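Chains A and B, in that order, are what the protein sequence lines are.
Under the numbering used here, think of the first position of the first sequence as -17, with each following residue one higher.
Under the numbering used here, think of the first position of the second sequence as 1273, with each following residue one higher.
Single-structure report; data block below.
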Amino acid sequence: MRAKKADTKTYLGIPLYRPKVAFFEFSSCEGCQLQMVNNENTLLDFLSLVEVVNFREAMTERSDAYEIAFIEGSITRDDEVKRLKAIRKNAKVLVALGSCACFGGVNQLKNRFKNLEWVKKQVYGKHPIDTGAVRAVGDVVPVNLMIYGCPIKKEEVEKIVLDLALGKSIVVPQYPVCMECKANENICLFDLGEPCLGPITRAGCNSWCPNSGAGCWGCRGPAEDANVEYMKKIMKEKGFSEKTILERLDCFGGFKTK
Amino acid sequence: MKKTVNVNVKHLTRVEGHGNIHIKIRNGQLMEAQWEIIETPRFFEALLVGRHWDNAPWITGRICGICSIGHTLASIRAVENAFDIVPDEQTQKLRLLLKHMETLQSHSLHLCFLVLPDFMNAGSVFPLINSHGEIVAHAAKIKGLANEICDCVGGRRLHPTRTVVGGFTKLPSKQELSAFVQRLKNIVEDLMIVADLFSGFKIPDFARETEFVSLKGKDHYPFIGGDVVSSDGVQMREQDYKKLTNEYMVPHSTSKWCRLSRDSFAVGSLARLNNNFEFLHPVAKDIARRFNLIPINHNPFMNNIAQLVECVHVVMDSIRLIEELLNSKFTAPRQEVRPKSGVGVGAVEVPRGVLYHCYEFDSKGKIIKSDCVIPTGQNHANIQHDLEALAKEYAIRGEKDRDIELLASMLVRAYDPCISCSVH
Ligand code: SF4
Ligand code: SF4
Ligand code: SF4
């Protein structure tokens, strides 16, 4: 039924019935891709919604005929830039999947060292290694959609893909994690003496970490109107060092700390 | 003997990360058999320098999405060893349970989604969903349960939220835990069905004498910490990991290589099983015997079967752990952490073999130096040597290039390599 109705519609130029999707990974832990296959209960429903044509981690067959390309990981080498540009040409919609792709993720922590040679030497000694500064996908090619999180939340991705397939507009929360955390009736971590970036971090994870009694590290980047300076002030008042705050703000690359 | 063989696999599929296989035989001479690692390094060891101890497990877990729990636990163990923290029994049991469930989800993913297609002439698991829906459903059930328990104990199935230095930020409720006992018991049947299926497959007949390295069990099949042992007779403490791994660089790889008594050694399920067979749960032992998997087995393709055996072992052992936890009174989830200067090493058996994390701290608990030695990195040299032997042997048997390519791919896949992890 839906097939017939959907066939007549397009969204961002994509036919709405079972869009062909491809997954590509760059420098990453591949955890975001794994999240896609990690939800056994809904995986088969998801697969009926889309046609996976390229997913190296799971399949040998490959095809360049896709409409939606999911890009996981950050970009560091020239060969990666080339590969990404080729994907951009093929894809109608290019999605940055996860915080590595959106902001550079934990990988961008490398960029805080001014001396890249020192970084290389720490790991590889004198052995020559090709590497450059870590970049987000959007710093290399235009990105149509960002899916935040380290890791991404599978339910959120499924909903986004469903909305894409149905031609609905995509809404990503602009409010902070605190809203979700309060709705979940958690005890605030500040009351337990733990630091938390919930007040300034974009929601959508359903306050994943605070639900576990662990403070937020801001993996989804800033919420709208996030007042980072005010956050720093509160954290200091609560007795946390400048360093503790900065180590959380710079961890995933979503906040501008310089 | 075939005079010419050409095999070139670029970006081997159904493995984690990026690697290539090249085999070239000319005039009956092996010119090249190469396992090439092209993954981009992310420099995790450097990333940590200057940051506080609490960053280590949180950040290094991101080395690998598949074994993030193992990395987190190895990192925590290294920090705890540096600060002289000994986890209490409750924490140890919960960590082991979490570890077991990562092993189960990783092994079942590998066996049923990545390896199975090779034995069923398919390019991926996707066509099997239609042609062999039942087996995919069994696999999904096994993996699903493992993931659910990881969510419950660790807070999240990957990049866990509750695991911290000193213990856990939050404990699962006994009610949640007890609900898993029966489901774990049921899953044994699903594993038996997977075992039946695999027993019908022809595991390639190939063996090369290999040194196997793993943790050494004392009274349990080993997963977290302790001494390290090799099938060539080496035994050392986890602190001495550098002498056990002897990392070096080779030109065609962004991952470091390792050696011990010979040019290469193997870690992983087969190594653990070869070195600790006696500690397997009796039901797991039966499965091993059914496949004639008795120590010391030198066929790398049998790593798949060793994973199957371990799936059964971890399920049986998890039932024990949960029952013991249910019979004990829960105490505080975490102990206080007092940083001090010093060095700490943590060795943990992750699905692909023994993993080491090592950090040096200043008196405030700031990281001065860090080092991680990854199982797949330890296996690369061994994979290379296996590939050479396999290429020669099958060229002598006169196999077609296409068949050698498939076998070579299956060989590498049998190691379940986690390449991005090995480069990190
Ligand atoms: S965003 Fe996090 S989970 Fe996703 S690939 Fe990057 S490190 Fe892995
Ligand atoms: S725990 Fe964190 S997210 Fe929750 S209310 Fe407190 S500050 Fe906000
Ligand atoms: S609570 Fe914060 S760190 Fe945790 S998943 Fe949500 S945004 Fe990320």
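Glycine included, C-beta positions come from ideal geometry on N, C-alpha and C.
Since we're looking at a predicted model, the values are computed, not measured.
Which value, in whole angstroms, describes the spacing of the CA atoms of residue i and residue j?
i                : j               : result
R1531 (chain B)  : V77 (chain A)   : 42 Å
K(-14) (chain A) : I69 (chain A)   : Confidence at K(-14) (chain A) is low in this model, with a pLDDT of 37, below 50, so the placement of that residue is unreliable and no value is reported for it.
P1567 (chain B)  : L174 (chain A)  : 51 Å
K1442 (chain B)  : G120 (chain A)  : 37 Å
L148 (chain A)   : G236 (chain A)  : 30 Å
K1641 (chain B)  : S1471 (chain B) : 47 Å
R(-16) (chain A) : K150 (chain A)  : With a pLDDT of only 35 at R(-16) (chain A), under the threshold of 50, the placement of this residue in the model should not be trusted, and no figure is reported.
G87 (chain A)    : F234 (chain A)  : 4 Å
P1399 (chain B)  : K1413 (chain B) : 18 Å
F1440 (chain B)  : P1605 (chain B) : 5 Å
C11 (chain A)    : S56 (chain A)   : 10 Å
K214 (chain A)   : E224 (chain A)  : 8 Å
V63 (chain A)    : K96 (chain A)   : 22 Å
V1609 (chain B)  : D1634 (chain B) : 15 Å
K1446 (chain B)  : G1489 (chain B) : 29 Å
L127 (chain A)   : C84 (chain A)   : 9 Å
I1401 (chain B)  : L1469 (chain B) : 15 Å
Between the beta-carbon of residue i and the beta-carbon of residue j, is there less than 8 Å?
i               : j               : result
K92 (chain A)   : E49 (chain A)   : no
N1548 (chain B) : S1486 (chain B) : yes
L1545 (chain B) : L1369 (chain B) : no
V123 (chain A)  : K67 (chain A)   : yes
P1611 (chain B) : W1325 (chain B) : yes
A1350 (chain B) : I1639 (chain B) : no
V1522 (chain B) : I1559 (chain B) : no
E1374 (chain B) : P1623 (chain B) : yes
G1333 (chain B) : H1431 (chain B) : yes
E1621 (chain B) : P1494 (chain B) : yes
R242 (chain A)  : C187 (chain A)  : For chain A, the structure presents residues -17 to 240; residue 242 (chain A) sits outside this window and is missing.
K241 (chain A)  : M18 (chain A)   : Within the shown structure, residues of chain A are numbered from -17 to 240, placing residue 241 (chain A) beyond reach of any answer.
What residues in its chain sit with their C-beta under 6 Å from that of residue i, if we drop five residues either side in the sequence?
i                : result
R1429 (chain B)  : N1419, C1422, D1423
T(-10) (chain A) : Only weak support is given to the placement of T(-10) (chain A): the predicted model assigns it a pLDDT of 44, under 50, and the value that follows is read from those uncertain coordinates. Excluding positions up to five away in sequence, the list is empty.
R1562 (chain B)  : none
D145 (chain A)   : I152
Q1377 (chain B)  : K1415, A1418, N1419
T1435 (chain B)  : T1344, G1426
T58 (chain A)    : S9, T113, G114, V116
D1504 (chain B)  : E1483, S1533
M1682 (chain B)  : D1390
V1363 (chain B)  : It should be pointed out that residue 1363 (chain B) corresponds to Thr in this sequence rather than to Val. These residues qualify, in order along the chain: G1439.
S1536 (chain B)  : A1653, N1654, H1657
K71 (chain A)    : none
Strictly under 8 Å for the Cβ-Cβ distance: is residue i near chain E by that measure?
i               : result
A1328 (chain B) : Structure shown: chain E not included; protein chains present are A and B.
For my contact list, residue i and residue j are in at a C-beta cut-off of 8 Å; report their separation, rounded to the angstrom.
i               : j               : result
Y1666 (chain B) : L1679 (chain B) : 6 Å
C1690 (chain B) : C1339 (chain B) : 7 Å
D1360 (chain B) : T1603 (chain B) : 7 Å
G1616 (chain B) : Y1631 (chain B) : 6 Å
S45 (chain A)   : V35 (chain A)   : 4 Å
D232 (chain A)  : T239 (chain A)  : 5 Å
F1573 (chain B) : A1686 (chain B) : 5 Å
Grab me the residues of residue i's own chain with a C-beta within less than 8 Å of its C-beta, minus the 5 sequence neighbours each way, in chain order.
i               : result
A1663 (chain B) : V1277, V1279, I1295, I1297, L1302, A1305, I1676, A1680
D1673 (chain B) : V1277, N1278, V1279
S131 (chain A)  : First, the residue type needs correcting, since residue 131 (chain A) is Gly and not Ser in the sequence shown. Correct list, in chain order: C14, G80, S81, E138, G186, C187, C201, R202.
Leaving out five residues before and five after residue i in sequence, what residues of the same chain have Cβ atoms less than 7 Å from its Cβ?
i               : result
N1626 (chain B) : What sits at residue 1626 (chain B) in the sequence shown is Val, not Asn. V1485, S1486, L1487, V1500, V1539, A1619, P1647.
R230 (chain A)  : P177, L179, W199, G200
Q15 (chain A)   : F5, E7, E39, E54
H1290 (chain B) : H1283, I1310, E1311, I1691
H1382 (chain B) : Q1579, D1688
G1337 (chain B) : L1430
A1479 (chain B) : H1570, N1571
L171 (chain A)  : C178, P192, G197
L29 (chain A)   : none
| Under 8 Å (Cβ pairs) to chain B, residues found in the region 211 to 228 of chain A | Residues of the region 211 to 228 of chain A with a C-beta atom less than 8 Å from some C-beta of chain B are K225, T226, listed in chain order.
| said: Which residues of the region 1407 to 1427 of chain B have a Cβ closer than 8 Å to any Cβ of chain A? Give them in chain order. | reply: A1412, K1413, K1415, G1416, N1419, G1427
| said: For the region 183 to 211 of chain A, list every residue whose C-beta sits within 8 Å of some C-beta in chain B, in sequence order. | reply: W190, C191, N193, S194, G195, A196, W199
| task | With 9 Å as the limit, tell me which residues of the region 118 to 140 of chain A have their beta carbon closer than that to any beta carbon of chain B; keep them in chain order. | result | Of all residues in the region 118 to 140 of chain A, C132, P133 have a Cβ within less than 9 Å of some Cβ in chain B.
| request: Using a Cβ-Cβ cut-off of less than 9 Å, list which residues of the region 8 to 21 of chain A approach chain B; keep chain order. | output: For the region 8 to 21 of chain A, the set of residues with a beta-carbon nearer than 9 Å to any beta-carbon of chain B comprises F8, S9, S10, C11, E12, G13, C14, Q15, L16, Q17, V19, N20, N21, in chain order.
| Residues in the region 1640 to 1666 of chain B with C-beta within 7 Å of chain A's C-beta atoms, listed in sequence order? | none
| task | Name, going along the chain, the residues of the region 56 to 77 of chain A whose beta-carbon falls closer than 8 Å to a beta-carbon of chain B. | result | T58, R59, E62
| said: Which residues of the region 1332 to 1346 of chain B have a Cβ closer than 8 Å to any Cβ of chain A? Give them in chain order. | reply: R1334, I1335, C1336, G1337, I1338, S1340
| the region 88 to 101 of chain A: which residues have C-beta closer than 9 Å to a C-beta of chain B, in chain order? | V88, N89, L91, K92, R94, F95, W100, V101
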